[in-house]
């Protein structure tokens, strides 16, 4: 045994070179001082092979690992990530809350498309390109800050800015940096909407366009807002204050911070302000907002699948009551009526007036109607179909009745008259898909009828009566419609075309002589302002006929003289 211990394993030099190439980077072999012997290298390779075998055994036992490392053609891009592509963590840009997706440049306006897509409560300048009523431009502009925070500022003399310019404005204290959102006459209308006097001296001043140093300082300040919000919420939780901090907004020069919060009751945050001022080393301002303003400032997706109205275009919040939902025949389900803010949805007011106007034609709801069969109780109403549902007392079978019939039944009940049963007034309803299919079938029938008959395809159009059934009046109208142009009719007593010869055999106009020339002259003359009264048919028929060989040309149109 001792001889075997003293005996060392001999490894060929070729294997040693191969082992040295496969060594990890942290193992370095020095030629003068050998760090690892051949025996150590052999043990290392054995352990490595053993680890590879254990890994393959685990892959065989676990099919998920094998599926994950399957071929690229078998990978599902929607379920499995591609192992060759590194996973990149999404980080929201700091300037996205300011109305742009990246850091703006000095003296270069932000693109209008970028402002519209990245801004909350954005406004479109529909007066762009319209000539202003006065040569003097309006000297106030609207500047956007974080989210839906906007304020109005007065321009200095000689400075002209456009929408999208990054500007430095007056702050309390110091200065702030924002992006111009409105200018010109549209800004005047916006100030009138917010009841702000443009001539007031309380309007703050706009200093200049932001420089590179202002934008760099502004960018450094925005990076601290997210961490400041989390830190503030921790401090509020430690102080056991009944309030919720929604957002933090730092001023452009990092001299002031605004903390927006919501609270159900009055909160004493005097100690909180001292702690925040000591932690962040800035001037602290606390602003209390409502839950609707919180939803508009934070943003989100509504139950309709679109972005919240309060964060896109809605700026005024009207009170919403449960009567609006009842008028629109919506079931009082709190989960469906509440929005992201926990209050009733603002969109309940959008169609309220339409429903209220349509319900004026309906009889009063919750009024039962009596029949000889029994008493029918009101259940529900379909406003736009004009249908009301009733059911007999103690039964669950709903019967649809028109609103006009319900009015008539109520009047009969007032006169102590009772119809036989409710089923006599029942209306057969069709589903939406059945109505769509019916309209499609009617369109197909109309098109087939138009193609087969050559008409306009109007359903219910009667065909004209045959000529034999029209009578004498129809024959005269037909003969009158079949007449040619007035100048080519000639005398009615000249005979048929067969007696006169074919038109092609009579020669061109140039070969017709004086008659053809005079007819051309008559066509070139202007029409008379007043035509002579037409002679009776008997007098025209008694007049002598004119021959073509005579000096006087033949008159056309049944005796009317057209030579003037």
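Numbering (our numbering), first residue to last: 65 to 628. The C-beta atom is built at its ideal place from N, Cα and C for all residues, glycine as well. Because the structure is a prediction, the values reported are computed rather than measured.
May I ask you to list the residues that DSSP assigns as paired with residue i?
i: residue 328; result: Answer is none; residue 328 lacks a bridge partner.
i: residue 490; result: 465
i: residue 352; result: 325
i: residue 455; result: 441
i: residue 446; result: 451
i: residue 347; result: 320
How many whole angstroms separate the CB atoms of residue i and residue j, which I take to be in contact at a CB cut-off of 8 Å?
i: residue 279; j: residue 173; result: Their Cβ separation, rounded to whole angstroms, is 13 Å, which puts residue 279 and residue 173 out of contact at 8 Å.
i: residue 464; j: residue 491; result: 5 Å
i: residue 413; j: residue 353; result: In fact, because the Cβ distance is near 21 Å, the residues do not count as touching under 8 Å.
i: residue 191; j: residue 249; result: 6 Å
i: residue 281; j: residue 318; result: 7 Å
i: residue 185; j: residue 244; result: Contact flag wrong, Cβ pair sits at about 15 Å.
i: residue 447; j: residue 429; result: Not really, about 11 Å apart at Cβ, beyond 8 Å.
i: residue 416; j: residue 393; result: Actually they do not touch by this definition, with Cβ atoms about 12 Å apart.
i: residue 483; j: residue 435; result: 5 Å
i: residue 170; j: residue 274; result: 6 Å
i: residue 297; j: residue 320; result: Not confirmed; about 20 Å, so no contact.
Could you compute how far the alpha carbon of residue i sits from the alpha carbon of residue j?
i: residue 71; j: residue 102; result: At residue 71, the pLDDT of 43 sits below 50, so the modelled position is not reliable and the matter cannot be decided from this model.
i: residue 366; j: residue 409; result: 10 Å
i: residue 260; j: residue 205; result: 13 Å
i: residue 532; j: residue 507; result: Below a pLDDT of 50, predicted positions are generally treated as unreliable, and residue 532, at 46, falls in that range; the measurement from the model is reported next regardless. Rounded to the nearest angstrom, the two C-alpha atoms are 34 Å apart.
i: residue 461; j: residue 479; result: 28 Å
i: residue 481; j: residue 468; result: 17 Å
i: residue 316; j: residue 241; result: 5 Å
i: residue 357; j: residue 179; result: 21 Å
i: residue 122; j: residue 111; result: 17 Å
i: residue 257; j: residue 194; result: 21 Å
i: residue 125; j: residue 105; result: 31 Å
i: residue 510; j: residue 425; result: 35 Å
i: residue 450; j: residue 379; result: 35 Å
i: residue 328; j: residue 445; result: 38 Å
i: residue 284; j: residue 300; result: 25 Å
i: residue 383; j: residue 332; result: 28 Å
i: residue 254; j: residue 420; result: 31 Å
i: residue 308; j: residue 118; result: 53 Å
i: residue 477; j: residue 433; result: 7 Å
i: residue 389; j: residue 493; result: 25 Å
i: residue 454; j: residue 377; result: 42 Å
i: residue 120; j: residue 155; result: 37 Å
i: residue 236; j: residue 350; result: 14 Å
i: residue 196; j: residue 326; result: 43 Å
i: residue 163; j: residue 375; result: 13 Å
i: residue 399; j: residue 407; result: 10 Å
i: residue 359; j: residue 381; result: 12 Å
i: residue 344; j: residue 295; result: 10 Å
i: residue 153; j: residue 262; result: 47 Å
i: residue 370; j: residue 355; result: 19 Å
i: residue 330; j: residue 214; result: 26 Å
i: residue 474; j: residue 187; result: 52 Å
i: residue 334; j: residue 224; result: 43 Å
Checking 9 Å against the spacing of the C-beta atoms, do residue i and residue j come in under that value?
i: residue 158; j: residue 286; result: yes
i: residue 452; j: residue 437; result: no
i: residue 251; j: residue 209; result: no
i: residue 405; j: residue 368; result: no
i: residue 305; j: residue 336; result: yes
i: residue 247; j: residue 234; result: no
i: residue 231; j: residue 166; result: no
i: residue 314; j: residue 288; result: yes
i: residue 439; j: residue 457; result: yes
i: residue 339; j: residue 323; result: no
i: residue 363; j: residue 211; result: yes
i: residue 160; j: residue 177; result: no
i: residue 199; j: residue 219; result: no
i: residue 386; j: residue 401; result: yes
i: residue 442; j: residue 459; result: no
Contained beta strand (DSSP E) runs [length at least 3] in the segment 191-257, N- to C-terminal order: Runs of the beta strand (DSSP E) inside the segment 191-257: 204-208, 214-218, 230-234 and 239-247.
Runs of alpha helix (DSSP H) wholly within the segment 254-325 (minimum 4 residues, chain order): Secondary structure in the segment 254-325: the alpha helix (DSSP H) runs of 4 residues or longer, each lying completely within the stretch, are 276-286 and 289-302 in chain order.
Contained alpha helix (DSSP H) runs [length at least 4] in the segment 357-438, N- to C-terminal order: Considered as a whole, the segment 357-438 harbours 386-391, 398-401 and 416-422 as its complete alpha helix (DSSP H) runs of no fewer than 4 residues, in chain order.
Runs of alpha helix (DSSP H) lying entirely within the segment 98-125, each at least 4 residues, in chain order: The segment 98-125 contains, as complete alpha helix (DSSP H) runs of 4+ residues, the segments 102-125 (chain order).
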